[in-house]
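A.B. asks:
Residue numbers (the working numbering): 15 to 124.
Written as structure tokens, this is what we have:
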């Protein structure tokens, strides 16, 4: 069952499909989008925004959830995001698309 707020946003997105994202202020997709999950908006952040970012062509989408102390790093392949790396709690995350980057999650939660 889909919450009404998400259903309305998906309907608005479908109604605006004729508009190209390039017509907005954003002319080049960002290299990485880090979405911070908001309580009560988990499905919106995980599902709807994820589809928006994929449609815009952002090659990396990271989902940061402070409440679950988790980070998921997704990579865009064939117009869909696929999990690259993830971590929880005090683990370290090393996203494959950013060589040399090591994210110690314990420091993120402090």
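Just so you know, even glycine gets a beta-carbon here, dropped at the ideal spot from N, CA and C.
What you are looking at is a predicted structure, and each value in this text was computed from that prediction instead of being measured.
Residue 76: which of 69, 60 and 103 sits nearest, CA to CA?
C.D. replies: 60
A.B. asks: To the nearest whole angstrom, what separates the beta carbons of residue 72 and residue 44, a pair I think is in contact under 8 Å?
C.D. replies: 5 Å
A.B. asks: What residue range does the alpha helix (DSSP H) around residue 99 cover?
C.D. replies: Note, residue 99: premise wrong, no alpha helix (DSSP H); beta strand (DSSP E) at 94-102.
A.B. asks: What residue range does the beta strand (DSSP E) around residue 49 cover?
C.D. replies: Run containing residue 49: 46-50, per the beta strand (DSSP E) assignment.
A.B. asks: Strictly by DSSP, which residues pair up with residue 112?
C.D. replies: None, per the DSSP bridge assignment.
A.B. asks: Which first and last residues belong to the alpha helix (DSSP H) in which residue 119 is found?
C.D. replies: 119-123
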